[in-house]
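Here's the structure, in structure tokens; my notes come after.
Numbering (UniProt numbering), first residue to last: 1 to 100.
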């Protein structure tokens with residue numbers, strides 16, 4: 001998790017209004033792993049509230065911010081987060097090496 005500071009909400013909508021509006025928008029969208037996903041949802045809320053004075057959050061920047069700032073509640077939660085990614089990358093690298 002990454003605990004955000006509600007005091008960094010600037011001239012945009014309030015925290016609650018921004019989260020509600022983003023949630024209302026994303027409840028009607030299909031979740032896509034690579035393009036329209038939870039990172040996009042969070043980015044929309046952050047943009048609406050102009051978190052930290054910015055309104056240019058996107059899926060990629062939100063991913064990197066969470067990756068850099070996130071804290072894990074346990075070692076097991078860290079493993080549950082990263083093992084699927086490591087397995088996927090390992091399979092891709094293995095296939096590239098095998099078929100090269």
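Note that the Cβ used here is the ideal one computed from N, Cα and C, for glycine as well.
Keep in mind the model is a prediction, meaning the values are calculated, not measured.
- Query: Can residue 22 and residue 41 be called in contact, C-beta distance under 8 Å?
  - Reply: yes
- Please work out which residues of its chain come closer than 6 Å, Cβ to Cβ, to residue 44, disregarding the five sequence neighbours upstream and downstream, and give them in chain order. 22
- Message: Tell me the DSSP secondary structure of residue 51 in three-state form.
- Response: strand
- From 19, 16, 24 and 58, pick the residue whose C-alpha is nearest to that of residue 36; which is it? 58
- Can you list, in chain order, the stretches of the alpha helix (DSSP H) that have 4 or more residues and sit fully within the stretch 3-60? 15-26 and 38-49
- Element boundaries [alpha helix (DSSP H), containing residue 80]: 75-99
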